[in-house]
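Reading through the structure tokens given below for one structure.
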Ligand code: GLN
């Protein structure tokens, strides 16, 4: 690693970082063929599997972007982290932790097995579909748009603009939602839902269909890494306790049934979605060797070719490489 360069914000070191990341993106592009785009939501099939992009935004203003940086994609499961934060801010952390547990399932994101096999009193975590739909049922409001308003407001505060609903993806997801409806009916039967199932599902499909960019994800990651505070002015956007629990859940449950491996080999709190996005929050680290981004950064990745667990295949490998090279792991 580059030694003896304390200030990464100089033009020269910025160029080095850019060169590294460009090379790594070019290399991991070759891994795209090991995965394929999600097909169970027909609209997601339209994504170009060859796309791969990354944005890294540091606390002190240093940032690096590489690859396909301009392509919008939908939040999908990354929205589960956002709605969980909104619900915690609205209802309080202890209420939400009574509503949904914080245990990894070791099962696919859309599995229903744990609900039936174990005598659970609540869904196991807010980052699989059963838990996320339950969290969404706690959002206040009569209509799905009313319920999503605080979600859009939080996104707007974090991003500096109001993102838009991708109506094509929303309709596609709604019209191909047999599994999520099955999960919803199961939750209803278990008495886990706090409000009307149809409106809850409509809200859930919409939250998954909000368009973002890798820059947006990096910005959100940066705020989470900074314990919920806006790094620009120190203002609290997300209460520290909520940011902390969200990062814990990202680390333990954020990559579905690949979460253990991701924590082991990458070691960064992250949340993925089947559109191919990954949101990662790298907290500040104390390192003896001089490394970039030791005061924390947010990372956004987009690579729609997915591995068998539903995570961006090249995106995960790229993150693993960068985390190793720059010692980003929190452990
Ligand atoms: N909208 C998707 C679903 O509910 C989200 C899943 C995901 O991103 N893993 O199936």
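Numbering (UniProt numbering), first residue to last: 1 to 331.
Beta carbons: idealized from backbone N, C-alpha and C, even for Gly.
Just so it is clear, the structure is predicted and the values come from calculations on it, not from any experiment.
query                                                                                                                                                                 : result
Buried or exposed: which applies to residue 117, given that a residue is buried once 16 or more other Cβ atoms fall within 10 Å of its Cβ?                            : exposed
Report the residue ranges of all alpha helix (DSSP H) runs contained in full by the stretch 290-318; include only those spanning at least 4 residues, in chain order. : none
From which residue to which residue does the beta strand (DSSP E) around residue 270 run?                                                                             : 270-272
DSSP three-state label for residue 4, please.                                                                                                                         : With a pLDDT of 43 at residue 4, under the threshold of 50, the predicted position of this residue should be treated as unreliable, though the coordinate-derived value follows. Residue state, collapsed to three classes: coil.
Residue 205: buried (16+ other C-beta within 10 angstroms of its C-beta) or exposed?                                                                                  : buried
Throw me the rounded Cβ distance for the residue 68 and residue 44 pair, which I believe falls under 8 Å.                                                             : With 8 Å as the limit, residue 68 and residue 44 do not qualify as a contact, their Cβ atoms being about 16 Å apart.
Name the one or two DSSP bridge partners that residue 74 has.                                                                                                         : 211
Look at the alpha carbon of residue 147 and the alpha carbon of residue 226, and state the distance between them as a whole number of angstroms.                      : 27 Å
Apply the 10 Å Cβ neighbour rule to residue 113 and answer buried if 16 or more other Cβ atoms are within range, or exposed otherwise.                                : exposed
Please report the residue range of the beta strand (DSSP E) in which residue 277 lies.                                                                                : 277-282
For residue 329, report the span of its alpha helix (DSSP H) as first-last.                                                                                           : Taken as a continuous stretch (DSSP letters only), residue 329 belongs to no alpha helix (DSSP H), as it is neither H nor E.
Nearest-angstrom Cα distance between residue 89 and residue 95?                                                                                                       : 10 Å
Go to residue 245, then tell me how far its beta strand (DSSP E) extends in each direction, as first and last residue.                                                : It is not in any beta strand (DSSP E) - residue 245 instead sits in the alpha helix (DSSP H) that spans 240-253.
Indicate, with yes or no, if the ligand GLN has a heavy atom lying under 8 Å from the CB of residue 208.                                                              : yes
Work out the CA separation of residue 123 and residue 145 for me, nearest whole Å.                                                                                    : 25 Å
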